[in-house]
Structures are given as C-alpha cells and as structure tokens.
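Numbering-wise, the working numbering puts 144 at position 64 of the sequence shown, and it's gapless, one number per residue. Just so it is clear, CB atoms sit at the ideal spot from N, CA and C, and this is done for glycine as well.
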Amino acid sequence: MSTVPEHVAIIMDGNGRWAGARGLPRAAGHRAGAQSTRAVVETAREVGVKALTLFAFSSENWQRPKAEVRVLLDLFRRTIRREVASLYDNGVRLSFIGERSHFSTALQDDMADAEARTRHNQALDLVIAVDYGGRWDIVQAARSLARDVLAGEFEPDDIDAERLSARMSLSRFATPDLFIRTGGERRISNFLLWDLAYSELYFTDRLWPDFDADSFVEAVNWFAHRERRFGGLPATRRKSLG
Ligand code: IPE
Ligand code: IPE
Ligand code: MG
Numbered sequence: 081m082s083t084v085p086e087h088v089a090i091i092m093d094g095n096g097r098w099a100g101a102r103g104l105p106r107a108a109g110h111r112a113g114a115q116s117t118r119a120v121v122e123t124a125r126e127v128g129v130k131a132l133t134l135f136a137f138s139s140e141n142w143q144r145p146k147a148e149v150r151v152l153l154d155l156f157r158r159t160i161r162r163e164v165a166s167l168y169d170n171g172v173r174l175s176f177i178g179e180r181s182h183f184s185t186a187l188q189d190d191m192a193d194a195e196a197r198t199r200h201n202q203a204l205d206l207v208i209a210v211d212y213g214g215r216w217d218i219v220q221a222a223r224s225l226a227r228d229v230l231a232g233e234f235e236p237d238d239i240d241a242e243r244l245s246a247r248m249s250l251s252r253f254a255t256p257d258l259f260i261r262t263g264g265e266r267r268i269s270n271f272l273l274w275d276l277a278y279s280e281l282y283f284t285d286r287l288w289p290d291f292d293a294d295s296f297v298e299a300v301n302w303f304a305h306r307e308r309r310f311g312g313l314p315a316t317r318r319k320s321l322g
C-alpha cells in the first residue's frame with residue numbers, strides 16, 4: 081500500500097495571527113496565506129496526492145466583521161481568476177463545496193467557469209470548501225434522502241451509511257487519509273464532520289502563511305508512519321489469537 085495519502089484535507093488557519101505578529105492588517109495575512117495555498121497545491125501534485133480539500137471560508141466565518149468578509153471573498157475571487165489558467169495547465173481539476181448561493185452572482189459565475197474549464201483534468205482534484213460547514217453538509221444530504229423517500233424511491237429503513245455518503249459533498253472521493261490543521265488550534269471547527277471519521281489528524285502550531293512546501297512534505301512523512309487500524313487489529317497481531 082502506498083504511504084502517500086490519496087486525499088488530504090486542510091484547515092488553513094492562522095493568517096490573522098501571522099499578520100498581527102508583524103503589526104500588519106489581517107488582510108495582509110490572508111494575502112500571504114494565498115501564497116502558501118499555491119505552494120501546497122503544487123507540492124501535493126508533485127508528491128502524488130490525488131485529492132486536496134482546502135477549507136477557505138466556513139459557514140461561521142460570516143460572523144466576522146463585514147470588511148474582513150469582503151477582503152476574504154475578494155481575495156478568493158481574484159485568486160480563482162488569476163490561478164485558473166495555470167491550474168488548468170498543470171492538470172488540476174478545481175471544484176467547490178459549500179452553500180454557494182449566498183455569494184454574488186459574479187463570484188458564482190467565476191466558480192462555475194473554473195469548474196467547467198478544468199473538469200477533464202486528472203493530475204490532482206483540488207476541492208475548495210467555501211461557505212462550507214460539516215453540519216450543513218450532513219443536513220443537505222439528509223434532505224436529499226428525505227425527498228427520495230417522499231418520492232417513493234426507497235424506504236426510511238433503506239437509509240444506511242453508504243446511501244448517506246453518496247449524498248455528501250465529497251461523495252466522488254475516497255475519504256481523507258490525512259487531515260492537517262495549521263495555526264495551533266486542536267479542533268475541527270465544523271469542517272468535514274462525516275468524512276474525517278478515520279482520517280489521521282495532524283496539528284501544527286505553524287501559521288498558514290508560514291506553511292510551505294517543506295511543511296507539507298513533513299506532514300506527509302508523518303502520515304507515512306501511522307498505523308491505520310480502522311477498528312481492526314494490525315496485520316502483525318492478527319495471528320496471536322491462535
Ligand atoms: C484562516 O485564518 C483564514 C480563514 C478563517 C478564512 P484566520 O483568519 O482564522 O486567522 P487567525 O486564526 O485569526 O490567526
Ligand atoms: C476555520 O478557522 C475555518 C477556516 C480556516 C476557513 P477559524 O479560524 O474560523 O476557526 P475557529 O474560529 O478558530 O474555530
Ligand atoms: Mg482562525
């Protein structure tokens with residue numbers, strides 16, 4: 081089995097503190113963070129990661145001051161527009177998960193264009209979670225199942241983990257093997273609640289703008305030494321029951 085994680089999910093946290101430590105406005109931290117994102121996407125592709133899911137804006141981030149929300153969404157839009165050509169050239173397929181209906185039509189159009197333009201690419205799946213919440217994802221999956229029950233497609237008792245998984249935003253992908261959170265907090269902050277059930281969790285104090293290609297490789301190397309059991313026993317101990 082390959083030791084390179086097939087799917088990596090990252091909470092890119094610590095932009096504000098990075099800027100604060102330098103006496104800069106939080107916006108400068110977000111701009112610096114965008115550079116880290118670029119480096120990590122490139123490195124993920126180089127080391128053979130197949131899918132990378134990045135948390136860019138949570139359903140709770142709307143609670144931030146309006147000016148910061150504007151900075152984040154402007155930067156998000158400009159980054160998509162600026163990067164889509166080189167992502168395309170590098171074989172990256174871009175897609176977005178989250179409740180995009182709250183965004184401006186212009187931003188929604190750019191997102192749809194970027195998805196359409198890169199949809200045949202196969203080197204790396206880059207999934208950006210925006211206005212995303214793990215609870216929202218489970219709720220929309222439950223609604224979708226309820227609609228099918230009402231339509232007589234199947235019975236409530238036919239609903240199982242596999243059926244629910246098929247309605248989750250990341251249903252196209254294997255679940256994340258490796259989860260990374262930068263910025264020192266040890267929490268999930270309503271990211272992929274369903275999908276992280278058996279992911280290896282890697283936390284680092286490094287702030288996102290300081291997280292570079294080497295930091296990503298360090299996390300991937302840490303993953304290579306995990307023993308994943310999924311509730312079973314490791315291969316070496318399976319025999320000892322006799
Ligand atoms: C992560 O950095 C970016 C987003 C949440 C959009 P923060 O803005 O949360 O930075 P800190 O945690 O305040 O340092
Ligand atoms: C999580 O970071 C969301 C993103 C990185 C997009 P937050 O900074 O919003 O999380 P909390 O508030 O520390 O839990
Ligand atoms: Mg934060």
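- The C-alpha of phenylalanine 303 lies about 8 Å from the C-alpha of valine 84.
- The beta carbon of glutamate 122 is closer than 8 Å to those of Asn170, Ala293 in its chain, skipping five residues each way along the sequence.
- In the DSSP assignment, aspartate 211 falls outside any alpha helix (DSSP H) and lies within the beta strand (DSSP E) extending over 204-212.
- The beta carbon of tyrosine 168 sits closer than 8 Å to the beta carbons of Arg197, Thr198, Asn201 from its chain, once the five residues preceding and following it are set aside; these are given in chain order.
- Burial state of arginine 173 is buried, judged by a 10 Å Cβ sphere holding 16 or more other Cβ atoms.
- One thing to note: glycine 178 has its Cβ within 9 Å of the Cβ of valine 210.
- CA-to-CA, the gap between valine 300 and leucine 152 works out to about 28 Å.
- Between the alpha carbons of leucine 258 and alanine 221 lies a gap of roughly 23 Å.
- Valine 207 is classed as buried because its beta carbon has at least 16 other beta carbons within 10 Å across all chains shown.
- With three or more CB-CB distances shorter than 8 Å, the segment 268-285 counts as touching the segment 135-153.
- Ranked by Cα distance from tyrosine 212, the first of Arg161, Val297, Ala136 is Ala136.
- In this chain, the beta strand (DSSP E) harbouring tyrosine 282 covers 280-283.
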